[in-house]
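Chains Z and S are the protein sequences, given in the same order.
Quick note: the first sequence uses the numbering used here, first residue 1, plus one each step.
Quick note: the second sequence uses the numbering used here, first residue 1001, plus one each step.
Think of the CB as a built atom: it goes at the ideal place given N, C-alpha and C, for glycine as much as any other residue.
What follows is one structure encoded as structure tokens, with my remarks underneath.
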Amino acid sequence: MQRYSLLPLLHRALRGNQGWRPVWREPKPKAGYDVIVIGGGGHGLATAYYLAKKYGVKNIAVLERGWIGGGNSGRNTQVVRSNYFHSASSSFYDHSLQLYERLGAELNFNIMLSQRGLVQLAHSEHELEITRRWCNAIRMNGVDSEMLTSAQIKRLAAPIDLNGHFPIIGGFLQRRAGISRHDAVVWGYARAASALSVHIVQNCEVTGFDITGDRVRGVQTSQGPIGADKVVMSVAGYASHLAKFAGLRLPITTMALQAMVTEPIKPVLDVVVISAAVHAYVSQSDRGEIVIGAGADAYNSYAQRGGLPQQRAAIGAVLELFPSFSRLKLMRQWAGRVDITPDTSPLMGLTSIEGLFINCGWGTGGYKAIPAGGDTMAHTIVTGKPHPLISAFALERFKTGALVDEGAAAGVAH
Amino acid sequence: MFRIPCPYCGLRDEPEFIFGGPSHVTRPAPDVDDAAWTEYLFARDNPVGVHYERWLHSFGCGRWFNAARDTLTHEILGVYAMGDSKPAVGSP
Chain Z
1 MQRYSLLPLL HRALRGNQGW RPVWREPKPK AGYDVIVIGG GGHGLATAYY LAKKYGVKNI
61 AVLERGWIGG GNSGRNTQVV RSNYFHSASS SFYDHSLQLY ERLGAELNFN IMLSQRGLVQ
121 LAHSEHELEI TRRWCNAIRM NGVDSEMLTS AQIKRLAAPI DLNGHFPIIG GFLQRRAGIS
181 RHDAVVWGYA RAASALSVHI VQNCEVTGFD ITGDRVRGVQ TSQGPIGADK VVMSVAGYAS
241 HLAKFAGLRL PITTMALQAM VTEPIKPVLD VVVISAAVHA YVSQSDRGEI VIGAGADAYN
301 SYAQRGGLPQ QRAAIGAVLE LFPSFSRLKL MRQWAGRVDI TPDTSPLMGL TSIEGLFINC
361 GWGTGGYKAI PAGGDTMAHT IVTGKPHPLI SAFALERFKT GALVDEGAAA GVAH
Chain S
1001 MFRIPCPYCG LRDEPEFIFG GPSHVTRPAP DVDDAAWTEY LFARDNPVGV HYERWLHSFG
1061 CGRWFNAARD TLTHEILGVY AMGDSKPAVG SP
């Protein structure tokens, strides 16, 4: 792997930027691997990277139906945070945030992590009470979180209107939360994994599993059969579809979640602002675009496009909070397929088929979990036992009733 | 945005309706084991293609009905009354 640093950068700049090489190889798949990762998104690539880096697994393939990072890893709003209510979630997501804090140095790839802080708004006395409970629960979980008055919010987010249709009376802040560049996370993991001999195979769709008895032996793909005794499903959008090939029915409903950006403007907003009550989700990217996240369309959809009603609702909510943004033009709008589970927590760990692992059901919040998802799944695949940080997210929780109901805790519609 | 042909009111815009999840999910007998109960409560077909689902015409006649809709194209392939069995619709 060519290491990136100032000297080679200057060297190449002076020679007309010749000599840059592709940073991951595109090999033909072999007949068999030790581990096959299905899905070349952030989670799949991170799993392959940690398998090779931390556990020395030599023979790994990542199979991607389209191109790496072309699914939800490239369609999210780039927010990283760990302000979760339940301790199982906050310890997992904070592990992820801690890995993100070191990730640029570890991968030798600038992921442009900007821990600018995330403000969660409260619009009524009742919401403020529940926000205080939420904020305190996060602190009890050992994660940074602090209450804000409306005056403090105004100082953090200057263009905000405190006295709109739903007045802002307070909120809370996680200072370590922020945004990072999602493509860089995907490319950084791909580059580092490829350097550790991981095979990244694009345009390779999995069309079935080879299962003997209760044991997985490999997969069928659009590029022929590939053998492996350990296979992990690390997909978003098509998780139910893929699991059906193995005879599994998942507790997942797939919906469209959309986001949009305005034309770029000069820096006006250097925190992420979220309001659960009006469902606004807004930040400004490093390029200057105002990034707006909408709610999920309410019905099953694999269409990968968002509906107009949710788009209108999101824009209406953001303009209530930031009236000055009404002059901006929308530049792009897109949607991803999100796999929503009944408690909006992921499905991670073992399945009823030996050697077949699952890392799916991330719904609307998988991006922030990429490093920890990869790290804990690598441990799970190597040891055959769920990593302690993900044991609460096992499929069995729907049988035992031990749900991790973050959907209810966050009070967010998606 | 799509439009939904309410069997009682005719073709109306999507925001008039509330989605009610999958149809034909049958409640099992009270003495079934945990696995069957889990299946009933949480497991979903979630198909790519034809989905049989319930809709409420909330800002219209206020009545529930079933629809067969393609989850890839959002095309409504047919509507039918609550309690009716699944109509035969082909994938377009």
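Between which two residues does the beta strand (DSSP E) holding residue i run?
i: residue 1055 of chain S; result: 1050-1056
i: residue 1020 of chain S; result: 1018-1022
i: residue 1010 of chain S; result: 1010-1013
i: residue 1075 of chain S; result: Premise fails: residue 1075 of chain S is in no beta strand (DSSP E) and is neither H nor E.
i: residue 94 of chain Z; result: Residue 94 of chain Z -> not in any beta strand (DSSP E); alpha helix (DSSP H) instead, spanning 87-107.
i: residue 291 of chain Z; result: 290-296
i: residue 357 of chain Z; result: 356-360
i: residue 402 of chain Z; result: From DSSP, residue 402 of chain Z is part of no beta strand (DSSP E); its letter is neither H nor E.
i: residue 336 of chain Z; result: 330-340
i: residue 125 of chain Z; result: Element bounds for residue 125 of chain Z: not the beta strand (DSSP E) but the alpha helix (DSSP H), 125-140.
i: residue 1005 of chain S; result: 1003-1006
i: residue 349 of chain Z; result: 347-350
i: residue 149 of chain Z; result: 146-149
Whole angstroms are fine: how far does the CA of residue j sit from the CA of residue i?
i: residue 332 of chain Z; j: residue 215 of chain Z; result: 45 Å
i: residue 143 of chain Z; j: residue 364 of chain Z; result: 21 Å
i: residue 1040 of chain S; j: residue 172 of chain Z; result: 39 Å
i: residue 1049 of chain S; j: residue 1072 of chain S; result: 6 Å
i: residue 387 of chain Z; j: residue 372 of chain Z; result: 10 Å
i: residue 287 of chain Z; j: residue 355 of chain Z; result: 43 Å
i: residue 1016 of chain S; j: residue 190 of chain Z; result: 45 Å
i: residue 337 of chain Z; j: residue 255 of chain Z; result: 6 Å
i: residue 127 of chain Z; j: residue 275 of chain Z; result: 11 Å
i: residue 950 of chain S; j: residue 1036 of chain S; result: Since the first residue of chain S shown is 1001 and the last is 1092, residue 950 of chain S is not available in this structure.
i: residue 125 of chain Z; j: residue 327 of chain Z; result: 32 Å
i: residue 199 of chain Z; j: residue 12 of chain Z; result: 28 Å
i: residue 138 of chain Z; j: residue 270 of chain Z; result: 23 Å
i: residue 253 of chain Z; j: residue 8 of chain Z; result: 48 Å
i: residue 53 of chain Z; j: residue 1075 of chain S; result: 47 Å
i: residue 1079 of chain S; j: residue 1006 of chain S; result: 7 Å
i: residue 160 of chain Z; j: residue 168 of chain Z; result: 9 Å
i: residue 267 of chain Z; j: residue 284 of chain Z; result: 7 Å
i: residue 368 of chain Z; j: residue 73 of chain Z; result: 10 Å
i: residue 374 of chain Z; j: residue 187 of chain Z; result: 15 Å
i: residue 165 of chain Z; j: residue 116 of chain Z; result: 27 Å
i: residue 1034 of chain S; j: residue 402 of chain Z; result: 14 Å
i: residue 407 of chain Z; j: residue 366 of chain Z; result: 14 Å
i: residue 325 of chain Z; j: residue 290 of chain Z; result: 9 Å
i: residue 136 of chain Z; j: residue 146 of chain Z; result: 8 Å
Since residue i sits in a beta bridge, which residues does DSSP pair it with?
i: residue 281 of chain Z; result: Z/274
i: residue 120 of chain Z; result: Z/172, Z/274
i: residue 1030 of chain S; result: For residue 1030 of chain S, which the question treats as bridged, DSSP gives no partner whatsoever.
i: residue 38 of chain Z; result: Z/63, Z/233
i: residue 1065 of chain S; result: S/1055
i: residue 114 of chain Z; result: Z/179
i: residue 1070 of chain S; result: S/1050
i: residue 407 of chain Z; result: DSSP lists no partner for residue 407 of chain Z.
i: residue 32 of chain Z; result: Z/227
i: residue 1080 of chain S; result: S/1066
i: residue 80 of chain Z; result: Z/178
If I follow the unbroken alpha helix (DSSP H) through residue i, where does it start and stop?
i: residue 1084 of chain S; result: Where residue 1084 of chain S is concerned, there is no enclosing alpha helix (DSSP H), given that its DSSP letter is neither H nor E.
i: residue 310 of chain Z; result: 308-321
i: residue 8 of chain Z; result: 6-14
i: residue 286 of chain Z; result: From DSSP, residue 286 of chain Z is part of no alpha helix (DSSP H); its letter is neither H nor E.
i: residue 377 of chain Z; result: 370-383
Query - the segment 238-258 of chain Z in contact with the segment 209-229 of chain Z per 3-pair CB rule at 8 Å - result: The answer is yes - the segment 209-229 of chain Z touches the segment 238-258 of chain Z, with three or more Cβ pairs under 8 Å.
Requested in this report: Report the residue ranges of all alpha helix (DSSP H) runs contained in full by the segment 178-263 of chain Z; include only those spanning at least 4 residues, in chain order.
Outcome: DSSP runs (the alpha helix (DSSP H)) wholly in the segment 178-263 of chain Z: 182-195, 239-245.
Query raised in the report: Between the segment 312-325 of chain Z and the segment 279-298 of chain Z, are three or more C-beta pairs nearer than 8 Å?
Result: When Cβ pairs closer than 8 Å are counted between the two stretches, the segment 312-325 of chain Z is seen to touch the segment 279-298 of chain Z, the count reaching three or more.
Report task. Inspect the CB distances between the segment 181-200 of chain Z and the segment 299-314 of chain Z and report whether three or more fall short of 8 Å. Result -> No, they do not touch.
**Report entry** Inter-stretch contact at 8 Å, needing at least 3 Cβ pairs: the segment 90-108 of chain Z / the segment 60-68 of chain Z
**Finding:** With the cut-off at 8 Å, the segment 90-108 of chain Z and the segment 60-68 of chain Z do not touch.
Query raised in the report: Contact between the segment 217-234 of chain Z and the segment 26-44 of chain Z: three or more CB pairs below 8 Å?
Result: Flag = yes, the segment 217-234 of chain Z and the segment 26-44 of chain Z touch.
Query raised in the report: Below 8 Å, can you find three or more Cβ-Cβ pairs linking the segment 1005-1013 of chain S to the segment 217-224 of chain Z?
Result: No, the segment 1005-1013 of chain S is not in contact with the segment 217-224 of chain Z.
Query raised in the report: Okay, do the segment 36-50 of chain Z and the segment 231-243 of chain Z touch, 3+ Cβ pairs below 8 Å being the bar?
Result: Judged by Cβ distances under 8 Å, the segment 36-50 of chain Z makes contact with the segment 231-243 of chain Z, as three or more pairs qualify.
Report task. Inspect the CB distances between the segment 394-407 of chain Z and the segment 341-350 of chain Z and report whether three or more fall short of 8 Å. Result -> Yes, the segment 394-407 of chain Z is in contact with the segment 341-350 of chain Z.
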